[in-house]
Amino acid sequence: MTEPVLSIQNLGVRVPERARLGGGAGDLTVVEGLTLEICPGERVALVGESGSGKSVTARAILQLNRSLVYDGSIRWEGEELLGAGERTMRRVRGSEISMIFQDPMTALNPVLTVGQQVAEPLIVRGVPRREALRRAAGMLDRLGVPKAKERLKAYPGQFSGGMRQRVVMAAALIAEPRLLIADEPTTALDVRVQEQVLDLIESMSREMSLSVLFITHDLAIVAGLAHRVAVMYRGRLVEDSPVDELFAHPRHAYTRGLIGSIPRLDADPDTRLRTVEDFMAMEGPSV
Amino acid sequence: MSGVLFQVDGLSKRFGSGRRAHQALDDVSFEIAEGEIVGLVGESGSGKSTIIRCLIGLEREDSGSIRYDGIDPARPGRDELRRYRREVQMVFQDPYSSLDPRMTVRQLLEEPMQVMGGFPPRDRMERILDLLHLVGLDAEHLKRYPRDFSGGQRQRIAIVRALVVGPRVLLCDEPVSALDVSVQAQVLNLLKDMRKRLDLTVLFVSHDLAVVKYLCSRVVVLHHGRVVDAGTVAEIYDSPRAGYTRALLEAVPIPDPAHERARRELRRQRAEAGR
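As you go down the protein sequences, you meet chains A and B in turn.
Quick note, the first sequence lines up with residues 1 to 287 if you use this note's numbering.
Quick note, the second sequence lines up with residues 1001 to 1275 if you use this note's numbering.
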């Protein structure tokens, strides 16, 4: 058995009383007792509805939200990240663990050229500018951006949504990280572009032996991408199974609900969609 | 088969002029019969939102015409405009921006009836409560504000707001695309029930072919402002005529790991053969 690159043990995340937006007394627990490991080259999907705690978990790995209270442990290649100093996190972020987000429109700076943004992770690590730009063009080309070298001087506004997500991916992958965290990266895209982006994540993960943590609310999207699927419900992990097993024998009622609520091209439209509530009502809300 | 309710004929619309002109709609024609749910499918930039904007009078077409039950929405008679605005209601994509955050649910649901007129105040609450129950909400929600509700609940409130004046037609612009899959299922089931119960005609705009198949009886496929395919759900999904429709269908993910992996392998082989 290979050693996991990322090992999350018994993670708890709370919003302290003073930081609660809607007011309310006491700390608000948003993630509780979460244990999740990712091996080298493994693609893990973290699935759940809005508010389930999946994005908070992803952001905890990179310590992006310092106002939250964490307990448990997040070990990255043996090193503890919870409570690690900014120096450690600056080293880890971008060059060892990268993250891409849902909306490629807001993830890029509109007044910097594409070349500057893709090359930046190298430049801040001391790679000479010219060399960094050369490698940026290479990475864009690898991700299927046509005329990559000429387009280094273009601005994000001159790119379509799908092309922008490729630019975001190029910036995320250029420093050759070992883990990519992708938080709903295709939600804002059309289906054909979504398929291309998913194919790219899959092929880059194979070629670079890159581990992937893919966050989504839609199980259909990760069916062909993930090796393993972890399902979150109300801040807790309720299921963590190899992908084939999860779809063939979902153990938790909530997982069955998530699968049942997907409209399928290969289903009879007269069959009513089964919602999470239907399944939970049948089996009782045991978590 | 009931009569045609909406007739869209040769609709064209261009934005800008000269070299930068963009032909958003190019000779678009389709019909919606009474009681149908028609799916209008296309990617971003296909012109589907422009059609909706023309239908509700936010844009004026350059050429072509729209007829609704004898009414020309672009040049209506005085009483016709009132009837059109009552009978044709709209549900928007984003339930976070389509509901005024400063109004209570009660105010949000009363407003359309106040504006339209013809709803005596003592009947209004009964209408509101009947519809709220149908969508799974109740009287205790009336005093709350949109911020107190989840996305799915907000979209249900938006649907009640559209239904409260008793429309015949619902124009839905991507009403579930901002929602989680599990919440989307609730809203889709709800729309299906509502259509039957209230005898509605629905134009459902979406980029999601699986959603459209679940809900609609007929489909119109748009690409770069043109209708490239149209037919019943069986025709479009079992034997699509346009290559574009086939390409869209092939890209829809299916929640079946083995099937999805096989499709990816096929795409990879095709891409390598094409090189």
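All residues carry an ideal CB built from backbone N, CA and C; glycine is no exception.
Within-8 Å CB hit, residue i to chain B
i: A:S241; result: no
i: A:V287; result: Confidence at A:V287 is low in this model, with a pLDDT of 45, below 50, so the placement of that residue is unreliable and no value is reported for it.
i: A:V92; result: no
i: A:F101; result: no
i: A:G257; result: yes
i: A:V197; result: no
i: A:R192; result: yes
i: A:D183; result: no
i: A:F159; result: no
i: A:R264; result: yes
i: A:S209; result: no
i: A:S261; result: yes
Environment of residue i [buried if 16+ CB atoms lie within 10 Å]
i: B:Q1269; result: exposed
i: B:L1171; result: buried
i: B:I1239; result: Correcting the residue identity first, residue 1239 of chain B is Ser in this sequence and not Ile. Looking at its Cβ environment, which holds fewer than 16 other Cβ atoms inside 10 Å, B:S1239 is exposed.
i: B:Y1237; result: buried
i: A:V114; result: buried
i: B:T1232; result: exposed
i: B:E1036; result: buried
i: A:T271; result: exposed
i: A:V111; result: exposed
i: A:V69; result: exposed
i: A:A226; result: buried
i: A:L11; result: buried
i: B:Y1096; result: exposed
i: B:P1101; result: exposed
i: B:L1025; result: buried
i: B:G1243; result: exposed
Residue i at chain A interface by Cβ criterion, 8 Å
i: B:S1182; result: yes
i: B:D1256; result: yes
i: B:G1016; result: no
i: B:G1151; result: yes
i: B:A1247; result: yes
i: B:L1209; result: yes
i: B:P1253; result: yes
i: B:R1261; result: yes
i: B:K1213; result: yes
i: B:R1264; result: yes
Contacts around residue i, its chain only, beta-carbon distance under 8 Å, and the 5 residues preceding and following it disregarded
i: A:F101; result: A107, V168, D183, E184 and P185
i: B:E1057; result: In the sequence as presented, Glu is not what sits at residue 1057 of chain B; that position holds Gly. Once the five neighbours on either side are set aside, the close Cβ partners of B:G1057 are P1073 and A1074.
i: A:G138; result: A148
i: A:K208; result: The sequence given here has Met at residue 208 of chain A, not Lys. Contacts found: L173 and E176.
i: B:P1167; result: R1086, E1087, V1088, Q1089 and L1200
i: A:G257; result: R274, T275, V276, E277, D278, F279 and M280
i: B:M1116; result: R1082, R1085, R1086 and V1165
i: A:V243; result: A45, V222, A223, A226, H227, R228 and V229
i: B:I1066; result: F1006, Q1007, V1008, D1009, L1011, C1054, L1055, D1072, P1073 and A1074
Chain-order list of residues whose beta-carbon lies under 7 Å from that of residue i (same chain, five-residue window excluded)
i: B:L1109; result: I1128, V1160, R1161 and V1164
i: B:L1152; result: According to the sequence provided, residue 1152 of chain B is Gly. The question's Leu does not apply to it. Excluding sequence neighbours, B:G1152 sits near L1179, V1183, Q1186 and V1187.
i: A:S55; result: D183 and I215
i: A:M204; result: L173 and L210
i: B:V1135; result: R1156, I1159, V1160 and L1190
i: B:Q1023; result: R1014 and G1225
i: A:K153; result: T113 and G115
i: A:M163; result: V145
i: B:P1112; result: R1161, V1164 and V1165
Residues near residue i by beta carbon distance below 6 Å, same chain, minus five either side
i: A:E77; result: V5
i: A:C39; result: T2 and P4
i: A:R166; result: L143 and V145
i: A:I221; result: none
i: A:Q9; result: T35, G72 and S73
C-beta neighbour in chain C for residue i, strict 8 Å
i: A:R251; result: No chain C appears in the structure shown, which is made up of the protein chains A and B.
Problem - In chain order, each beta strand (DSSP E) run of at least 3 residues that lies wholly inside the stretch 1019-1107 of chain B - result: Given a length threshold of 3 residues, each whole run of the beta strand (DSSP E) inside the stretch 1019-1107 of chain B is given here in chain order: 1022-1033, 1037-1041, 1063-1068 and 1088-1091.
Problem - Contacting positions in the stretch 1181-1201 of chain B - beta carbon closer than 9 Å to chain A - result: Per Cβ criterion, the list reads V1181, S1182, V1183, Q1184, A1185, Q1186, L1188, N1189 and K1192.
Practice task
Please specify which runs of the beta strand (DSSP E), each continuous and at least 3 residues long, are wholly inside the stretch 91-141 of chain A, giving them in chain order.
Solution key: Along the length of the stretch 91-141 of chain A, whole beta strand (DSSP E) runs at least 3 residues long occupy 97-100, reported in chain order.
Problem - Minimum length 3: unbroken beta strand (DSSP E) runs contained in the stretch 1162-1249 of chain B - result: For secondary structure counted as the beta strand (DSSP E) over 3 or more consecutive residues, the stretch 1162-1249 of chain B holds these complete runs in sequence order: 1169-1173, 1201-1206, 1218-1223 and 1226-1232.
Exercise for the section: Would you list, in sequence order, the uninterrupted alpha helix (DSSP H) runs of no fewer than 4 residues that lie entirely inside the stretch 194-252 of chain A? Expected result: Counting whole runs of 4 or more residues, the stretch 194-252 of chain A contains the alpha helix (DSSP H) stretches 219-222 and 243-248.
Exercise for the section: Compile a chain-ordered list of the residues in the stretch 214-225 of chain A whose CB is closer than 7 Å to at least one CB of chain B. Expected result: Of all residues in the stretch 214-225 of chain A, only H217, D218, L219, A220, I221, A223 and G224 place a beta-carbon less than 7 Å from a beta-carbon of chain B.
Practice task
Below 8 Å between beta carbons is the criterion; list the residues of the stretch 268-287 of chain A that meet it against any residue of chain B, in chain order.
Solution key: Residues P269, R272, L273, R274, T275, V276 and E277.
Problem - Interfacial residues, the stretch 1044-1069 of chain B to chain A, with Cβ spacing under 8 Å - result: Listed by position, the residues of the stretch 1044-1069 of chain B near chain A (Cβ gap below 8 Å) are S1044.
Exercise for the section: Anything in the stretch 1162-1175 of chain B with a Cβ closer than 9 Å to a Cβ of chain A? List those residues in chain order, please. Expected result: Along the stretch 1162-1175 of chain B, there is no position whose C-beta sits under 9 Å from a C-beta of chain A.
Exercise for the section: Mind checking the stretch 166-181 of chain A against chain B and listing, in chain order, the residues whose C-beta falls within less than 8 Å of any C-beta there? Expected result: Per Cβ criterion, the list is empty.
Practice task
Scan the stretch 32-66 of chain A for residues whose Cβ lies nearer than 7 Å to a Cβ of chain B and list them as they occur along the chain.
Solution key: Only those residues of the stretch 32-66 of chain A whose C-beta falls short of 7 Å from the nearest C-beta of chain B are listed: E49 and S50.
Problem - Whole alpha helix (DSSP H) elements within the stretch 258-284 of chain A, 4-residue minimum - result: If we require 4 residues or more, the alpha helix (DSSP H) runs fully inside the stretch 258-284 of chain A come out as 276-283.
Problem - Contact set between the stretch 1222-1238 of chain B and chain A, restricted to residues whose Cβ is under 9 Å from the partner - result: Result list: V1233 and Y1237.
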